[in-house]
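Colleague: Supplied in structure tokens, the structure appears directly below.
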Amino acid sequence: QQVSDDGHGIRCEDLPILCERHTTSKLSAYEDLQTIKSMGFRGEALASMTYVGHVTVTTITEGQLHGYRVSYRDGVMENDPKPCAAVKGTQVMVENLFYNMVARRKTLENSNDDYPKIVDFISRFAVHHINVNFSCRKHGANRADVHSGSTSSRLDAIRNVYGASVVRDLMEIQVSDENAVDEIFKMDGFISNANYVAKKTTMILFINDRLVDCTSLKRATEFVYSAILPQASKPFIYMSINLPPEHVDVNIHPTKKEVSLLNQERIIEKIKDAIEEKLMNCNNTRIFQTQALNSSALTQSNTRKDMGTEISTPTGDKSQKIPVSQMVRTDPRDPSGRLHTYWQGQSSNLEKKSDLVTVRNIVRSRRNPKDAGDLSSRHELLTEIDSNLHPGLFDIVKNCTYVGVADEVFALIQHNTLLYLVNVVNV
Numbered sequence: 001q002q003v004s005d006d007g008h009g010i011r012c013e014d015l016p017i018l019c020e021r022h023t024t025s026k027l028s029a030y031e032d033l034q035t036i037k038s039m040g041f042r043g044e045a046l047a048s049m050t051y052v053g054h055v056t057v058t059t060i061t062e063g064q065l066h067g068y069r070v071s072y073r074d075g076v077m078e079n080d081p082k083p084c085a086a087v088k089g090t091q092v093m094v095e096n097l098f099y100n101m102v103a104r105r106k107t108l109e110n111s112n113d114d115y116p117k118i119v120d121f122i123s124r125f126a127v128h129h130i131n132v133n134f135s136c137r138k139h140g141a142n143r144a145d146v147h148s149g150s151t152s153s154r155l156d157a158i159r160n161v162y163g164a165s166v167v168r169d170l171m172e173i174q175v176s177d178e179n180a181v182d183e184i185f186k187m188d189g190f191i192s193n194a195n196y197v198a199k200k201t202t203m204i205l206f207i208n209d210r211l212v213d214c215t216s217l218k219r220a221t222e223f224v225y226s227a228i229l230p231q232a233s234k235p236f237i238y239m240s241i242n243l244p245p246e247h248v249d250v251n252i253h254p255t256k257k258e259v260s261l262l263n264q265e266r267i268i269e270k271i272k273d274a275i276e277e278k279l280m281n282c283n284n285t286r287i288f289q290t291q292a293l294n295s296s297a298l299t300q301s302n303t304r305k306d307m308g309t310e311i312s313t314p315t316g317d318k319s320q321k322i323p324v325s326q327m328v329r330t331d332p333r334d335p336s337g338r339l340h341t342y343w344q345g346q347s348s349n350l351e352k353k354s355d356l357v358t359v360r361n362i363v364r365s366r367r368n369p370k371d372a373g374d375l376s377s378r379h380e381l382l383t384e385i386d387s388n389l390h391p392g393l394f395d396i397v398k399n400c401t402y403v404g405v406a407d408e409v410f411a412l413i414q415h416n417t418l419l420y421l422v423n424v425v426n427v
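In the UniProt record's numbering, the protein residues as written are 1 to 427.
Given below as structure tokens:
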């Protein structure tokens, strides 16, 4: 593995101490620790690599006619620097990584575990540094998994890395101190709206152009989204926060991935309020993705409804997996609990017999016509019954569902969610 840059290079007189522990070019005085802005300053990276691999450094400074190449092992030079041809900047090459650590070397044999992490890491930098081209391709692959061209728009960078479907549901957000004279922090970024659906939270956080994690900030933003997004859906968040360097403590974790901020509670509260206000303003409309029904399934559903039977089919929803024995029937026309609704063969035979009886009655009435008598007294009797009818009791009797016999005198009927005990002898 090798890394090269086009910087100022390293002077020849500094090469003997280049890979010693606690040697760094980031600090020139002790007071610089309060205003450190670089990614590393403890002088541990190069020194650690010399203990587990063979490190070769090639460098050239501006104005020199040639560069120098030197090898390191266990923190010291193996030989004196040798003149060589070189391009502007410095190149660091590591060979035989973990040659003296068999257990760690075996972990490098399978790159399937590390490559997704590399892609995710480069993708985050490609979103933040929009003026830099990033490309990541697995060895032997035809296409690059990450390829972001230089652009002037942050949304274009997100579109190139994460796709157009993510950009469609993003909103711009900006937060800063109300007092512009004594501005402590400033944040700008993009957050997903209520229409965004994902199974995992994607949070890209840069503080002073450093890719870091802030557990408290992530937990606060997820809490705001939990009341807006559908269940099990996670947001997409990109934030770039600028703070005075002395307000950021990066010495929380050896990798400097986790940071702590001065006045962290107040900053998180401001960002949380801004996200909540942004989401409430855009929550007036909501878009839901639906799946078109299959024509055959739709025809089958209509056929079942025509037969007077509505048998539910499993759709993957947990709410439809409730056993019928635990369901409460609120409609007498609901087939749940009726055994005869599942007797398809017998019901069809009964329908044929009933049709045959109806035809026979019609034929008999035509063969033996009877003169209709005076039915006025019968109509008067029905009218009198209707006038004395109790509407509530009539609704119960009309729409009730027979449950079963309780004993020799009483029977059980159900109306809506109520169960009635009826004296069938007196009725």
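Where is the CB? At the ideal position from N, CA and C, for every residue including glycine. Keep in mind the model is a prediction, meaning the values are calculated, not measured.
Using the Cα positions of S226 and R219, report the straight-line distance between them to the nearest angstrom.
Modeller: Your numbering for residue 226 matches position 226 in the sequence shown. Your numbering for residue 219 matches position 219 in the sequence shown. Near 10 angstroms, if we compare the C-alpha coordinates of R219 and S226.
Colleague: Could you please give me the residues that DSSP links to residue 439 through a beta bridge?
Modeller: Since the displayed the chain opens at 1 and closes at 427, residue 439 lies outside it and no answer follows.
Colleague: Three-state secondary structure (DSSP) at S28?
Modeller: One-based indexing of the sequence shown puts residue 28 at position 28. If DSSP states are grouped into helix, strand and coil, S28 belongs with coil.
Colleague: Tell me which residue opens and which closes the alpha helix (DSSP H) that P391 is part of.
Modeller: The sequence position of residue 391 within the sequence shown is 391, counting from 1. Per DSSP, P391 belongs to the alpha helix (DSSP H) from 391-399.
Colleague: Can you name, in chain order, every residue of its own chain whose Cβ lies under 6 angstroms from the Cβ of Q34, other than the five neighbours on each side?
Modeller: For this step, residue 34 is matched to residue 34 along the sequence shown. Cβ within range, chain order: E246.
Colleague: What distance in whole Å lies between the Cβ atoms of T58 and A29, which are believed to be in contact at a cut-off of 8 angstroms?
Modeller: For the purposes of this step, residue 29 is taken as the residue at position 29 of the sequence shown. For the purposes of this step, residue 58 is taken as the residue at position 58 of the sequence shown. That belief does not hold up - the Cβ atoms of A29 and T58 are roughly 30 angstroms apart, past 8 angstroms.
Colleague: Is L211 close to the ligand COA? I mean its beta-carbon at under 7 angstroms from any heavy atom of the ligand.
Modeller: Judged by which ligands are present, the structure shown has none, so any question about the ligand COA falls away.
Colleague: Return the CA-CA distance between I158 and C12, expressed in angstroms with no decimal places.
Modeller: Sequence index remark: in the sequence shown, residue 158 carries index 158 (1-based). Sequence index remark: in the sequence shown, residue 12 carries index 12 (1-based). I158 and C12: Cα-Cα distance of roughly 42 angstroms.
Colleague: Is it the case that the Cβ atoms of V132 and V146 are separated by a distance below 8 angstroms?
Modeller: Mapped onto the sequence shown, residue 132 falls at position 132. Mapped onto the sequence shown, residue 146 falls at position 146. Result no, Cβ atoms of V132 and V146 do not sit closer than 8 angstroms.
Colleague: Is the beta carbon of L279 sitting closer than 8 angstroms to the one on L261?
Modeller: Numbered from its first residue, the sequence shown carries residue 279 at position 279. Numbered from its first residue, the sequence shown carries residue 261 at position 261. The answer is no: Cβ separation not under 8 angstroms.
Colleague: Count the other CB atoms, across all protein chains shown, that sit within 10 Å of the CB of M239; report buried if there are 16 or more and exposed otherwise.
Modeller: The residue labelled residue 239 in the question sits at position 239 within the sequence shown. Flag for M239 reads buried.
Colleague: Straight-line CA distance for A274 to V175?
Modeller: As a position in the sequence shown, residue 274 is number 274, starting the count at 1. As a position in the sequence shown, residue 175 is number 175, starting the count at 1. C-alpha separation (whole angstroms): 7 angstroms.
Colleague: Would A411 and V397 be called neighbours here (beta carbons separated by less than 8 angstroms)?
Modeller: Locating residue 411 in the sequence shown gives position 411, where the first residue counts as 1. Locating residue 397 in the sequence shown gives position 397, where the first residue counts as 1. Contact flag unset, no.
Colleague: Which complete beta strand (DSSP E) runs does the segment 46-102 hold, if anything under 3 residues is left out?
Modeller: Runs found: 54-60, 67-73, 82-84, 89-95.
Colleague: Which residues does DSSP pair with E258 in a beta bridge?
Modeller: Indexing the sequence shown from 1 puts residue 258 at position 258. According to DSSP, E258 bridges with D213.
Colleague: Within 10 angstroms of its Cβ, does F206 collect 16 or more other Cβ (buried), or is it exposed?
Modeller: Here residue 206 is taken as the residue at index 206 of the sequence shown, counted from 1. That one is buried.
Colleague: Can you give the Cα-Cα distance for C84 and T56, rounded to whole angstroms?
Modeller: Mapped onto the sequence shown, residue 84 falls at position 84. Mapped onto the sequence shown, residue 56 falls at position 56. Rounded to whole angstroms, C84 to T56 spans 13 angstroms at the Cα level.
Colleague: I'd like the span of the beta strand (DSSP E) that includes L418, first residue to last.
Modeller: Position 418 of the sequence shown, counting from 1, holds the residue named residue 418. Its beta strand (DSSP E) spans residues 418-423.
Colleague: Quick one: what's D249 bridged to in DSSP?
Modeller: What you label residue 249 is simply residue 249 of the sequence shown in a count that begins at 1. S260, per the DSSP bridge assignment.
Colleague: Can you look up C19 in the DSSP assignment and give me helix, strand or coil?
Modeller: Stepping through the sequence shown from its first residue, residue 19 is reached at position 19. It is coil, neither helix nor strand.
Colleague: So the candidates are S233, V425, I10; which of them puts its Cα closest to the Cα of Q64?
Modeller: As a first step, residue 64 must be located in the sequence shown, where it is residue number 64. Nearest of S233, V425, I10 to Q64, Cα basis: I10.
Colleague: Near Y402, which residues of its chain fall below 7 angstroms by C-beta distance, leaving aside the five closest residues on each side in sequence?
Modeller: Counting from one through the sequence shown, the residue named residue 402 turns up at place 402. I413, listed in sequence order.
Colleague: Report the partner residues of M171 according to the DSSP bridge assignment.
Modeller: Residue numbering aside, residue 171 sits at position 171 when the sequence shown is read from its first letter. Paired residues: I191.
Colleague: Cα separation between S387 and S233?
Modeller: Looking up residue 387 in the sequence shown gives position 387. Looking up residue 233 in the sequence shown gives position 233. Answer to the nearest angstrom: the Cα atoms are 59 angstroms apart.
Colleague: Give me the Cα-Cα distance between D331 and F223, rounded to the nearest whole angstrom.
Modeller: Within the sequence shown, the letter at position 331 stands for residue 331. Within the sequence shown, the letter at position 223 stands for residue 223. Residue confidence is low: D331 scores 48 on pLDDT, short of 50, so the model does not pin down where it sits. Its coordinate-derived value is still stated next. The straight-line gap from Cα to Cα measures roughly 41 angstroms.
Colleague: How many angstroms separate the CA atom of G163 from the CA atom of T215?
Modeller: On the sequence shown, residue 163 is found 163 positions in, with the first residue counted as 1. On the sequence shown, residue 215 is found 215 positions in, with the first residue counted as 1. Looking at the two C-alpha atoms, the distance is approximately 26 angstroms.
Colleague: Please report the straight-line C-alpha distance between R73 and E95, rounded to a whole angstrom.
Modeller: Here residue 73 is taken as the residue at index 73 of the sequence shown, counted from 1. Here residue 95 is taken as the residue at index 95 of the sequence shown, counted from 1. Straight-line Cα distance between these residues: approximately 11 angstroms.
Colleague: Could you check if R69 is buried or exposed, using at least 16 other CB atoms within 10 Å of its CB as the buried criterion?
Modeller: Against the sequence shown, residue 69 aligns to sequence position 69. By the 10 Å Cβ count, R69 comes out buried.
Colleague: Would you kindly work out how many angstroms separate the C-alpha atoms of N112 and A144, rounded to a whole number?
Modeller: In the sequence shown, counting from the first residue as 1, residue 112 sits at position 112. In the sequence shown, counting from the first residue as 1, residue 144 sits at position 144. Each residue's Cα considered, the two are about 16 angstroms apart.
Colleague: Tell me whether Q414 sits in a helix, a strand or coil according to DSSP, three-state version.
Modeller: Residue mapping note: residue 414 aligns to position 414 of the sequence shown, counting from 1. Strand.
Colleague: Taking only the alpha-carbon atoms, compute the straight-line gap between E258 and D249 and give it to the nearest angstrom.
Modeller: As a working mapping, residue 258 is identified with position 258 in the sequence shown. As a working mapping, residue 249 is identified with position 249 in the sequence shown. E258 and D249: Cα-Cα distance of roughly 9 angstroms.
Colleague: Applying the criterion that 16 or more other CB atoms from any shown protein chain within 10 Å of the CB defines a buried residue, is D32 buried or exposed?
Modeller: Residue numbering aside, residue 32 sits at position 32 when the sequence shown is read from its first letter. D32 should be labelled exposed.
Colleague: Given that a residue counts as buried once 16 or more other Cβ atoms are within 10 Å of its Cβ, and exposed if not, what is N193?
Modeller: Locating residue 193 in the sequence shown gives position 193, counting from the first residue. Classification for N193: buried.
Colleague: Spell out the partners DSSP gives M203 in its beta bridges.
Modeller: Locating residue 203 in the sequence shown gives position 203, counting from the first residue. M203 pairs with I237.
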